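Participant: Note that the sequence shown covers residues 1 to 329 in full-length UniProt numbering.
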Amino acid sequence: MKEFFVLLKDGNKPSLLAAIVNSIIAVLKGFAFFFTGNVAMFAEMMHSIGDAANQFFVFIGSALSKKAPTPRFPNGFGRVVNLVCLGAVLIVAILSYETVIEGWHHIQHPAKSGGLLITLGVLAIAILLELFVLYKASKEVLHEAGVPKAQGLAPLALAFTHLNRAKPATKLVFMEDLVATAGGILAFVAVLIAHFTGFLQAEGIASIMIGLMMFYVVGRVFLENARGAIGETDEQMLNHIAHLVMEHKDVKDIQKLSVIKEGEFLHVELVAEVDSSISFAEADDIRDHLVDLILHQQGVQDVTISFDEDDGVTHWKHVNNRPDKLSPQ
């Protein structure tokens, strides 16, 4: 149990922050729904409950994924975060379904809800809190992608460009809070329309749209973490590492290179070709240099390097004459 709490210190911080904030928001929305009976508020409450549960699971999973390898599990626990995310999206999927069904019922049997000021006040607070979490998640995305610090609102825009380089947990938090912020704004507008125009079905329509956005997150997160659980090649890092290896003066060619992404970590396996005349000591120096170089790349957890004699056949080539874009022939 002590080890578990030690691991929690290294859990994904944005997911913990998002889980706490969404728990507070869910309570506020729950009270507002209890007093007003507003169906759009019900949809938002379900959304916040799903996000909070999801993000708590992801925080725990991201912490457990950093557990050191053991004799029984020599490859480590990097994929635990992917497995946890796969389980967590099931919760969101169920809540998404309930949200859509509740919205459909309201469209068929519209009923006027009260407590306009309570509803709008809670939604406004929730939108501001979600924006705060989204901004924090955006900055974490840029940090994990190695992008220099941006000021003002720039991180919100830049995060979309670099989202594919973020860790699974951070990416999930960003996507969920983006949808949560959009859902809150949608619910706010729907409540105003229903109150001032008498078109009560607007709240039901908003509920269905929020549920469908939640389903989008479910699908996107499921596919990405399914690939991570299986073990996916990180093409961008593979090209980057290939470029670094080929720059070494004693490396003649790359016979094999794999960069497998497991959770937040990368596992690198390299077979490089060198001149057959070099000594064992020289080959060992080359190996030490390459291992140290590759381990200093972001996200790389372990490296396995072996050598073969240069056979004079090019196994690795430049793509479009760009040295930073290498791929196996």
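The beta-carbon is built from N, C-alpha and C at its ideal position, and this holds for glycine as well.
The structure displayed is predicted, hence computed values, not measured ones.
#1: Consult DSSP for residue 181 and reduce its assignment to one of helix, strand or coil.
#2: Would you identify the three-state DSSP class for residue 162, choosing helix, strand or coil?
#3: Can you tell me where the beta strand (DSSP E) with residue 301 in it begins and where it stops?
#4: Can you give the beta carbon distance from residue 66 to residue 123, rounded, assuming they're within the 8 angstroms contact cut?
#5: Could you pull out every residue in the same chain whose Cβ sits closer than 6 angstroms to the Cβ of residue 175, ignoring the five residues on either side in sequence?
#6: Three or more C-beta pairs closer than 8 angstroms, one from the region 212–227 and one from the region 91–104: is that the case here?
#7: Would you decide whether residue 324 is buried or exposed? Buried here means 16 or more other CB atoms lie within 10 Å of its CB.
#8: So, helix, strand or coil for residue 36, using DSSP?
#9: In whole angstroms, what is the alpha-carbon distance linking residue 326 and residue 228?
#10: Tell me the rounded alpha-carbon separation between residue 137 and residue 219.
#11: Is residue 62 helix, strand or coil by DSSP?
#12: State yes or no: is the C-beta of residue 205 within less than 8 angstroms of the C-beta of residue 107?
#13: What does the alpha-carbon distance come out to for the pair residue 319 and residue 278?
#14: Between the C-alpha atoms of residue 250 and residue 272, what's the straight-line distance to the nearest angstrom?
#15: By Cβ distance, which residues of its chain are closer than 7 angstroms to residue 181, with the 5 residues on each side in sequence left out?
#16: Is the beta carbon of residue 55 less than 8 angstroms from the beta carbon of residue 173?
#17: Between which two residues does the alpha helix (DSSP H) harbouring residue 245 extend?
#18: Please report the Cβ distance between residue 77 and residue 19, rounded to the nearest whole angstrom; I am assuming they are in contact, meaning their Cβ atoms lie under 8 angstroms.
#19: Smallest Cα separation from residue 21: which of 104, 125, 287?
#20: Provide the residue span of the alpha helix (DSSP H) that contains residue 143, from first to last.
#21: Does the beta-carbon of residue 121 have 16 or more other beta-carbons within 10 angstroms, so that it is buried, or is it exposed?
#22: Which class does residue 171 belong to by DSSP, given the choice of helix, strand or coil?
#23: Whole angstroms are fine: how far does the CA of residue 276 sit from the CA of residue 252?
#24: Grab me the residues of residue 119's own chain with a C-beta within less than 7 angstroms of its C-beta, minus the 5 sequence neighbours each way, in chain order.
#25: Only counting the same chain, and skipping five residues up and downstream in sequence, which positions put a Cβ closer than 6 angstroms to that of residue 255?
#26: Assign residue 272 to one of three DSSP states: helix, strand, or coil.
#27: Helix, strand or coil: how does DSSP classify residue 19 here?
#28: Considering residue 253, what are the terminal residues of the alpha helix (DSSP H) in which it resides?
#29: Helix or strand or just coil, what does DSSP make of residue 109?
#30: Could you tell me the boundaries of the alpha helix (DSSP H) in which residue 200 lies?
#31: Considering only the alpha carbon of each residue, which of 111, 68, 51, 109 lies closest to residue 94?
#32: Between the Cα of residue 240 and the Cα atoms of 200, 198, 300, 163, which residue gives the shortest distance?
#33: Am I right that residue 141 and residue 157 are in contact with their C-beta atoms under 8 angstroms? What's the rounded C-beta distance?
Facilitator: Based on what the coordinates show:
#1: Helix.
#2: helix
#3: Here the beta strand (DSSP E) through residue 301 covers 300–309.
#4: The Cβ separation is near 37 angstroms, so there is no contact.
#5: 217
#6: yes
#7: With a pLDDT of 42 at residue 324, under the threshold of 50, the predicted position of this residue should be treated as unreliable, though the coordinate-derived value follows. Counting Cβ neighbours within 10 Å, residue 324 comes out exposed, since fewer than 16 surround it.
#8: helix
#9: With a pLDDT of 37 at residue 326, under the threshold of 50, the modelled position of this residue cannot be trusted; read the value that follows with caution. Using only the alpha carbons, I get a separation of about 23 angstroms.
#10: 20 angstroms
#11: helix
#12: Contact: yes.
#13: For residue 319, the predicted structure reports a pLDDT of 42, less than 50, and the residue's modelled location is therefore unreliable. The matter cannot be settled from this model.
#14: Inter-residue distance for residue 250 and residue 272 is about 10 angstroms (C-alpha atoms, whole angstroms).
#15: So the qualifying residues of the chain are 127, 130, 131, 134.
#16: Contact annotation: residue 55 and residue 173 have beta-carbon atoms nearer than 8 angstroms.
#17: In this chain, the alpha helix (DSSP H) harbouring residue 245 covers 235–246.
#18: About 21 angstroms; that fails the 8 angstroms criterion.
#19: 125
#20: 116–144
#21: exposed
#22: Here residue 171 carries a helix assignment [DSSP, helix/strand/coil].
#23: 11 angstroms
#24: 32, 36, 38, 41, 191
#25: 271, 273, 308, 315
#26: In this structure, residue 272 counts as strand in the three-state DSSP scheme.
#27: helix
#28: Run containing residue 253: none in the alpha helix (DSSP H); it sits in the beta strand (DSSP E), 251–262.
#29: coil
#30: Note, residue 200: premise wrong, no alpha helix (DSSP H); not H, not E.
#31: 51
#32: Among 200, 198, 300, 163, the Cα nearest to that of residue 240 is on 300.
#33: About 11 angstroms separates the two Cβ atoms, so there is no contact after all.
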